[in-house]
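First up is the structure itself, then whatever we jot down about it.
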Amino acid sequence: MTIDAVELARALIRRPSVTPRDEGALDVLQAALEPLGFACRRLPFGEIDNLYARRGSIGPNLCFAGHTDVVPPGDPAAWRHPPFDAAIEGGVLYGRGAADMKGAIAVFAAAAAASLGAVTGSLSLLITGDEEGVAVDGTRRVVQALQAEGERIDHCLVGEPSSVAAVGDTVKVGRRGSLNAWMTVEGRQGHVAYPERAANPIPVLVRLLDRLQSRRLDEGFTSFPPSNLELTTVDVDNPAMNVIPARAEARLNIRFNPAHTGADLIAWLEAERQDAAAASGLNVGLRTLHSGDAFLTEPGRFTELVSETVQAVTGRRPDASTSGGTSDARFIRALCPVVELGLVGATIHQVDECVALADLAELQRVYERLIAGYFETF
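In structure tokens form, the structure reads like this:
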């Protein structure tokens, strides 16, 4: 049996699976995998549906990981073609999720179908519906469930759109950690003409944020850029010009390299919170969401195999990068070595997200050769 990667990608795109809705996207993928002999398990957690599919019962187990959920399309009228129509024009497939990352999922399924004769162990797919969301009930929970069952995955390829300008020019071998934090200051509302009767939370919050923003977290780490703290919102919700508000809040995100852990950064934020509360006499609150520490897949046979495969198919030796945002690789690394290799990411999360049909075909050739090479190597 063969799978047409383009048609499977179109079928997936036509399912408007904006996080946390699945809208049948996993059903489409499962229907494509089961005739190939994959045993498909649905692993729902909370309102998120996930899929783990495996063909074979012996090792080594090469896993492909990805997500069928997508970000909202924005104004559909701004798109060249409706975002969930999966239109093809001029050799280009348009649609939300075309590059990030329904295209790569379809390509891997097609590559698996074409390569079954080369598989001497097991192939598996770990597909979540929560990568673009808070990433609590998706891959994180599936990994925990698989660990509890004793499921072994030997190596993992994540199909995130890692390529910059051409398929395979970049692979991700690590990612920075991510920490979200919410800071709140509770004051006392009052008239601006009588500040002695009020307690303005805004100056307290501004001074606290200035201290946080002014600290240089580090100078970088081997293979990683410097860590950075970015303020993402500052809110008072005060429509009146003559009222001192009762509350001010802000949100920030820290992307950090292995020089830090999430626990260390939370401890720093907590110390700053306590200092601000003591200095102002106001109630200063802190809430955090730590979505994963930084990680690096060390050079080895798997990373070299990925690079050699890309070069053999495309003529390009990929750059090994740790740049960009987070991905579910941060959870999968608890199971096995992981590398990200996917389509060009130039249009992801944008209006008119798209992928060239030629890129889908080239990535399929890379995946097919990688599957064959993997079972020759391990």
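Be aware that the sequence shown starts at 1258, since it is given in the numbering used here, and climbs by one per residue.
Each residue gets a CB set at the ideal place from its N, CA and C atoms; glycine is no exception.
Keep in mind it's a predicted model, so treat the numbers as computed, not measured.
Figure out for me which residue from the options has the closest Cα to the Cα of residue i.
{"i": "Glu1527", "options": "Thr1545, Phe1478 and Gly1360", "result": "Thr1545"}
{"i": "Arg1337", "options": "Phe1635, Gln1607, Ile1384 and Arg1622", "result": "Gln1607"}
{"i": "Leu1553", "options": "Arg1298, Phe1481, Ser1537 and Gly1347", "result": "Phe1481"}
{"i": "Asp1394", "options": "Asp1585, Phe1478 and Cys1611", "result": "Asp1585"}
{"i": "Val1563", "options": "Tyr1624, Val1399, Pro1339 and Ala1450", "result": "Tyr1624"}
{"i": "Leu1265", "options": "Ala1343, Glu1619, Ile1628 and Val1376", "result": "Ala1343"}
{"i": "Val1463", "options": "Gln1446, Glu1506, Ala1422 and Asn1437", "result": "Glu1506"}
{"i": "Glu1388", "options": "Ala1536, Asp1411, Val1364 and Asp1279", "result": "Asp1279"}
{"i": "Glu1443", "options": "Arg1311, Ala1613 and Asn1540", "result": "Asn1540"}
{"i": "Gly1348", "options": "Ala1615, Thr1490, Arg1409 and Gln1621", "result": "Ala1615"}
{"i": "Leu1488", "options": "Met1440, Ile1501 and Phe1478", "result": "Met1440"}
{"i": "Glu1561", "options": "Arg1574, Gly1549 and Gln1287", "result": "Arg1574"}
{"i": "Ala1288", "options": "Gln1404, Phe1302, Leu1308 and Ser1471", "result": "Leu1308"}
{"i": "Ile1589", "options": "Pro1292, Gly1323, Ser1274 and Val1285", "result": "Gly1323"}
{"i": "Thr1604", "options": "Thr1385, Pro1452 and Ala1356", "result": "Ala1356"}
{"i": "Asp1521", "options": "Arg1445, Leu1436 and Arg1468", "result": "Leu1436"}
{"i": "Ala1438", "options": "Ala1450, His1547 and Val1449", "result": "His1547"}
{"i": "Ser1578", "options": "Val1596, Gly1316, Val1275 and Gly1390", "result": "Val1596"}
{"i": "Asn1514", "options": "Arg1504, Asp1475 and Arg1508", "result": "Asp1475"}
{"i": "Val1275", "options": "Asp1494, Ser1580, Arg1512 and Thr1385", "result": "Thr1385"}
{"i": "Asp1576", "options": "Thr1583, Glu1565 and Gln1401", "result": "Glu1565"}
{"i": "Leu1465", "options": "Asp1494, Arg1508, Arg1454 and Gly1582", "result": "Arg1508"}
{"i": "Arg1398", "options": "Thr1490, Val1461 and Arg1587", "result": "Arg1587"}
{"i": "Gly1477", "options": "Glu1346, Ala1551 and His1412", "result": "Ala1551"}
{"i": "Gln1568", "options": "His1517, Ser1580, Arg1622 and Asp1609", "result": "Arg1622"}
{"i": "Glu1651", "options": "Leu1300, Ser1471 and Pro1340", "result": "With the chain covering only 1258 through 1635, there is no way to say anything about residue 1651."}
{"i": "Gly1582", "options": "Gly1431, Gly1447 and Glu1408", "result": "Gly1431"}
{"i": "Ala1366", "options": "Glu1633, Leu1617 and Pro1277", "result": "Leu1617"}
{"i": "Thr1479", "options": "Arg1504, Ala1392, Ala1516 and Thr1634", "result": "Ala1516"}
{"i": "Trp1525", "options": "Arg1472, Phe1559 and Glu1346", "result": "Arg1472"}
{"i": "Asp1609", "options": "Glu1346, Thr1490 and Ala1392", "result": "Glu1346"}
{"i": "His1412", "options": "Phe1302, Ala1613 and Phe1559", "result": "Phe1559"}
{"i": "Pro1458", "options": "Gln1446, Tyr1451, Ala1334 and Ala1450", "result": "Gln1446"}
{"i": "Ser1580", "options": "Val1421, Thr1259 and Asp1494", "result": "Val1421"}
{"i": "Leu1403", "options": "Asp1284, Arg1298 and Gly1630", "result": "Arg1298"}
{"i": "Ala1456", "options": "Arg1504, Asp1467, Asp1492 and Val1491", "result": "Arg1504"}
What distance in whole Å lies between the Cβ atoms of residue j and residue i, which are believed to be in contact at a cut-off of 8 Å?
{"i": "Thr1428", "j": "Leu1598", "result": "In the sequence as presented, Thr is not what sits at residue 1428; that position holds Val. Their Cβ separation, rounded to whole angstroms, is 5 Å, which keeps Val1428 and Leu1598 in contact under 8 Å."}
{"i": "Gly1208", "j": "Gly1572", "result": "This structure does not reach residue 1208, given that the chain is present from 1258 up to 1635, and the question cannot be answered."}
{"i": "Ile1410", "j": "Ser1372", "result": "With a Cβ gap of about 18 Å, Ile1410 and Ser1372 do not count as contacting."}
{"i": "Val1570", "j": "Arg1626", "result": "6 Å"}
{"i": "Leu1208", "j": "Leu1286", "result": "In the structure displayed, the chain extends from 1258 to 1635; residue 1208 sits before or after that span and is not available."}
{"i": "Val1263", "j": "Val1424", "result": "Not a contact, Cβ separation roughly 15 Å."}
{"i": "Leu1350", "j": "Cys1611", "result": "6 Å"}
{"i": "Gly1378", "j": "Gly1313", "result": "6 Å"}
{"i": "Val1364", "j": "Leu1543", "result": "About 43 Å separates the two Cβ atoms, so there is no contact after all."}
{"i": "Ala1369", "j": "Ile1628", "result": "7 Å"}
{"i": "Pro1330", "j": "Arg1311", "result": "About 33 Å separates the two Cβ atoms, so there is no contact after all."}
{"i": "Arg1271", "j": "Phe1341", "result": "6 Å"}
{"i": "Phe1632", "j": "Ala1375", "result": "6 Å"}
Could you give the DSSP three-state label for residue i: helix, strand or coil?
{"i": "Val1442", "result": "strand"}
{"i": "Ser1379", "result": "strand"}
{"i": "Leu1486", "result": "strand"}
{"i": "Thr1427", "result": "strand"}
{"i": "Ile1410", "result": "coil"}
{"i": "Gly1374", "result": "helix"}
{"i": "Phe1341", "result": "coil"}
{"i": "Val1461", "result": "helix"}
{"i": "Glu1476", "result": "coil"}
{"i": "Gly1352", "result": "coil"}
{"i": "Glu1257", "result": "In the structure as shown, the chain begins at 1258 and stops at 1635. Residue 1257 is therefore absent and cannot be evaluated."}
{"i": "Ile1260", "result": "coil"}
{"i": "Phe1365", "result": "helix"}
{"i": "Arg1433", "result": "coil"}
{"i": "Ser1471", "result": "helix"}
{"i": "Ala1402", "result": "helix"}
{"i": "Thr1385", "result": "strand"}
{"i": "Gly1323", "result": "strand"}
{"i": "Ala1455", "result": "coil"}
{"i": "Ala1334", "result": "helix"}
{"i": "Ala1266", "result": "helix"}
{"i": "Gly1395", "result": "coil"}
{"i": "Gly1416", "result": "coil"}
{"i": "Gly1390", "result": "coil"}
{"i": "Gly1447", "result": "strand"}
Quiz prompt | Inside the stretch 1558–1632 only - alpha helix (DSSP H) runs reaching at least 4 residues | solution = Runs found: 1558–1571 and 1586–1589.
Quiz item: Going along the chain, which unbroken runs of the alpha helix (DSSP H) with 4 or more residues stay wholly within the stretch 1488–1552?
Solution: 1519–1537
Quiz prompt | Whole beta strand (DSSP E) elements within the stretch 1268–1307, 3-residue minimum | solution = 1296–1299
Quiz item: So does the stretch 1410–1417 actually touch the stretch 1483–1502, counting three or more Cβ pairs closer than 8 Å?
Solution: no
Quiz item: So, do the stretch 1491–1501 and the stretch 1529–1538 have three or more beta carbon pairs nearer to each other than 8 Å?
Solution: no
Exercise. Decide if the stretch 1351–1368 is in contact with the stretch 1319–1334; the criterion is three or more beta carbon pairs, one per stretch, under 8 Å apart.
Key: Short answer: they touch.
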